[in-house]
Every structure is written in structure tokens, then in C-alpha cells.
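The block underneath contains the structure these notes are about, expressed in C-alpha cells.
In our numbering, the protein residues as written are 8 to 171.
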């Protein structure tokens with residue numbers, strides 16, 4: 008059976024896709040489930056956000072509650088080059104990149120995992136929660152599966168740092 012593709016049909020599909028994408032970022036906040044005791048002790052905190060991404064700002068607001076320093080935010084003109092400079096493999100990328108002192112934190116990583124990273128000081132470049140999973144800090148929706156946070160370093164893409 009052959010289907011005729013019309014401009015109206017394409018617009019409807021495109022509009023639905025955009026609406027669902029925006030709803031994921033604007034849905035009900037889930038930060039309460041990611042609350043931690045204490046503060047994240049770092050000297051420098053810089054978040055590089057994708058242009059026009061609202062969940063990057065929501066993640067920055069969430070993170071500010073736990074940092075004992077000022078979080079600097081920059082909307083990156085070229086996020087691809089920035090992620091390459093920080094050696095973040097394509098399959099582990101998300102919408103924003105956070106640099107905390109010597110560590111890179113890619114994506115919507117909960118503060119509890121960042122706290123563990125800073126406490127343990129492992130010999131890795133950083134950690135990544137790929138994509139934009141529903142229910143993670145800064146994202147709307149509900150968490151439906153475990154989040155797998157990967158270790159960054161040596162070009163590896165499969166070393167699990169934490170599962171929460």
C-alpha cells in the first residue's frame with residue numbers, strides 16, 4: 008500500500024515531534040528525588056550549554072543549590088568542538104557539559120553521583136549520563152529505568168561508573 012506524503016502531514020509530524028521534545032524539558036521537575044546533604048566542594052564550576060536548550064538552564068538551577076562556588080554558564084556556539092576538546096565520545100554526549108575543577112561531567116548527572124566523584128577522586132577524566140533521560144535533574148517526567156553513568160577517559164565508552 009502506497010502512502011501519499013503531504014506537506015500538511017509532514018507539518019503535523021514535525022509539530023508533534025517538537026511538542027514532545029519541549030514537553031520532556033518542561034515537564035514537572037524531579038529535583039526533589041535527587042537532593043543531597045551537604046555541598047559539592049569545588050573551586051571552579053563552568054557549564055557549557057547548547058543554544059536554546061531550556062533543560063540546560065534547569066540543570067544549572069538544580070546544581071547551584073549544591074555548589075559551594077558560583078556556577079558560570081556559557082551558551083556554546085559550537086558544542087561539537089567543545090565536546091571533542093573534552094574527549095567526550097559521541098555516544099556519551101548530552102545537551103550540556105560541566106567542568107568542575109579537573110573533572111568533566113556530561114549531561115544530567117545527579118548531584119549524588121558528582122559528590123561521589125569528588126570524594127573518591129578516581130583517575131578518570133569525568134563522568135557522563137548520555138542523552139536527556141526523563142526524570143533526571145533538569146528534565147521533566149518520571150524516571151522509568153536505572154540511569155547508567157559512564158566513566159570518561161582513554162576513549163572508552165562502556166566503563167560504568169555508577170548505576171542509579
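Even for Gly, the Cβ is constructed at its ideal location relative to N, Cα and C.
| Rounded C-alpha distance that separates residue 132 from residue 58 | C-alpha separation (whole angstroms): 25 Å.
| Buried/exposed call for residue 167, threshold 16 Cβ in 10 Å | So residue 167 ends up on the exposed side.
| field | Runs of beta strand (DSSP E) lying entirely within the stretch 56 to 109, each at least 3 residues, in chain order | value | Correct list: 78 to 82 and 103 to 107.
| request: Please classify residue 44: does DSSP put it in a helix, a strand, or coil? | output: Of the three classes helix, strand and coil, the one that applies to residue 44 here is coil, per DSSP.
| query | Taking contact to mean at least 3 C-beta pairs separated by less than 8 Å, is the stretch 72 to 86 in contact with the stretch 132 to 143? | reply | The stretch 72 to 86, when compared against the stretch 132 to 143, does not touch it at the 8 Å Cβ threshold.
| query | Which two residues bound the contiguous alpha helix (DSSP H) that contains residue 118? | reply | Boundaries of the alpha helix (DSSP H) harbouring residue 118: 118 to 127, taken from the DSSP string.
| To the nearest angstrom, how far is it from the Cα of residue 164 to the Cα of residue 92? | Distance between residue 164 and residue 92, taken at the CA atoms: about 16 Å.
| query | Is the CB-CB distance between residue 47 and residue 122 below 7 Å? | reply | Taking 7 Å as the Cβ cut-off, residue 47 and residue 122 qualify as a contacting pair.
| task | Below 8 Å on the Cβ atoms is my guess for residue 120 versus residue 156; work out the distance and round it to an integer in Å. | result | Yes, they are in contact, since the Cβ atoms of residue 120 and residue 156 sit about 5 Å apart, within 8 Å.
| task | Report buried or exposed for residue 162, applying the criterion of at least 16 other Cβ atoms within 10 angstroms of its Cβ. | result | Exposed, by the Cβ-count rule.
| field | Three-state secondary structure (DSSP) of residue 166 | value | Looking at residue 166 - three-state DSSP - the assignment turns out to be coil, as it is neither helix nor strand.
| message | Can you give me the C-alpha to C-alpha distance between residue 109 and residue 151, rounded to a whole angstrom? | response | Distance between the alpha carbons of residue 109 and residue 151 is about 32 Å.
| request: Confirm, please, whether the CB-CB distance from residue 143 to residue 103 is below 7 Å. | output: Their beta carbons are not under 7 Å apart, which means residue 103 does not touch residue 143 by this criterion.
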